[in-house]
Amino acid sequence: MTDREIASDPAPPFSDELLADLHAGNLDPELAARLWPVVRADPASREVIESLDDVVSLLAARGSDLDAGAEVPVWVRDRLDSTLTRARPSSRRFSSTHAMLSFAAAAAVVIVAAVVGIGTLTSAPDTPPALAEGTSTGIEGTLVSGTIGRYDNGPFANPRVLRECLQANGIDPAATLLGSSSVTIDGRRATLLIVPGPVAPTLTALAVGDGCGAGTPDTVSRKDVG
837 MTDREIASDP
847 APPFSDELLA
857 DLHAGNLDPE
867 LAARLWPVVR
877 ADPASREVIE
887 SLDDVVSLLA
897 ARGSDLDAGA
907 EVPVWVRDRL
917 DSTLTRARPS
927 SRRFSSTHAM
937 LSFAAAAAVV
947 IVAAVVGIGT
957 LTSAPDTPPA
967 LAEGTSTGIE
977 GTLVSGTIGR
987 YDNGPFANPR
997 VLRECLQANG
1007 IDPAATLLGS
1017 SSVTIDGRRA
1027 TLLIVPGPVA
1037 PTLTALAVGD
1047 GCGAGTPDTV
1057 SRKDVG
């Protein structure tokens, strides 16, 4: 570790996306080790981290029932509405996958809360949730919740191919990708893509085959949740 590295470390006030990445264990371990003491000493940052801890605990208590009727807390719904509204397609086009991931990270604090109505995150905050590799029937809650914040784009790592696939499925090609993963549904390998749903605060979970592209939806399963 050099003096230059320390000098270039982020300082309070920290952005929501940085705190979300820190909480999820997505930062470089050495950087995270330097940031945690600073974050814990900053009241505003500590409040965000504690809120994320509360959400994870709430999710663990909810189970994976997509149709569970417990209400989403008002503060979660308000922040989710605001973030997903900003995440919806605009005239600006993302020039790279990195740009999409950066914006998705900004939404992470409330997107995690969104899965209160979707499923459960039972892994520790610094451990990526395990995804089912066996055969699933339809899009299950555990698949959706385990995909949010992960980016395993597979055949859709090329932004152009991803946009063409979304468009073929009737989704705006500029939609922000909130997560993706390789899944198996009804015995078929597919890529699960999570994007903002048609109406806030819903999300659309779209599972597609490798052939998805311009004019070919290759839809395996689709579900609007939230």
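For our numbering, count along the sequence shown from 1 and bump the result up by 836.
Cβ atoms here follow ideal geometry from the backbone N, Cα and C, with glycine treated the same way.
A quick note: this is a predicted structure, and the numbers were derived from the prediction, not measured.
What separation, rounded to the nearest whole angstrom, lies between the Cα atoms of Ile975 and Thr983?
Numbered from its first residue, the sequence shown carries residue 975 at position 139. Numbered from its first residue, the sequence shown carries residue 983 at position 147. Approximately 11 Å, taken between the alpha carbons.
In chain order, each beta strand (DSSP E) run of at least 3 residues that lies wholly inside the region 1034-1059:
1039-1044
Please confirm whether Gly1033 and Leu1039 have their CB atoms less than 7 Å apart.
As a first step, residue 1033 is located in the sequence shown; it is residue number 197 there, counting from the start. As a first step, residue 1039 is located in the sequence shown; it is residue number 203 there, counting from the start. The answer is yes: Cβ separation under 7 Å.
Would you grab the beta carbon distance between Ile1007 and Val1031 for me? Rounded to a whole angstrom, and I think it's under 8 Å.
Here residue 1007 corresponds to residue number 171 of the sequence shown, with the count starting at 1. Here residue 1031 corresponds to residue number 195 of the sequence shown, with the count starting at 1. With a Cβ gap of about 6 Å, Ile1007 and Val1031 count as contacting.
For Ser887, is the beta carbon positioned less than 6 Å from some heavy atom of the ligand SAM?
Among the ligands in the structure shown, none appear at all, so the ligand SAM cannot be discussed.
Restricting to runs no shorter than 3 residues, where is the beta strand (DSSP E) found entirely within the region 969-1033?
1015-1021 and 1024-1032
Residue burial classification, Ser887 (beta-carbon count within 10 angstroms, cutoff 16):
Stepping through the sequence shown from its first residue, residue 887 is reached at position 51. With 16 or more Cβ atoms within 10 Å of its Cβ, Ser887 is classed as buried.
If I measure Cβ to Cβ from Ser881 and keep anything under 7 Å in the same chain, skipping five residues before and after, which residues do I get?
Walking along the sequence shown from the start, residue 881 turns up at place 45. Pro848, Phe850, Leu855 and Val875.
Taking Cβ to Cβ, would you say Ala993 is nearer than 7 Å to Leu1002?
The residue given as residue 993 occupies position 157 in the sequence shown. The residue given as residue 1002 occupies position 166 in the sequence shown. No, the pair does not count as a contact, with Cβ atoms beyond the cut-off.
Can Val1056 and Ala1026 be called in contact, C-beta distance under 7 Å?
If you number the sequence shown from 1, residue 1056 lands on position 220. If you number the sequence shown from 1, residue 1026 lands on position 190. Yes. Within cutoff.
If I'm right that Gly1015 touches Arg1058 with Cβ under 8 Å, what's the distance once you round it to whole angstroms?
For the purposes of this step, residue 1015 is taken as residue 179 along the sequence shown, with counting starting at 1. For the purposes of this step, residue 1058 is taken as residue 222 along the sequence shown, with counting starting at 1. Incorrect: roughly 15 Å between the Cβ atoms, too far for contact.
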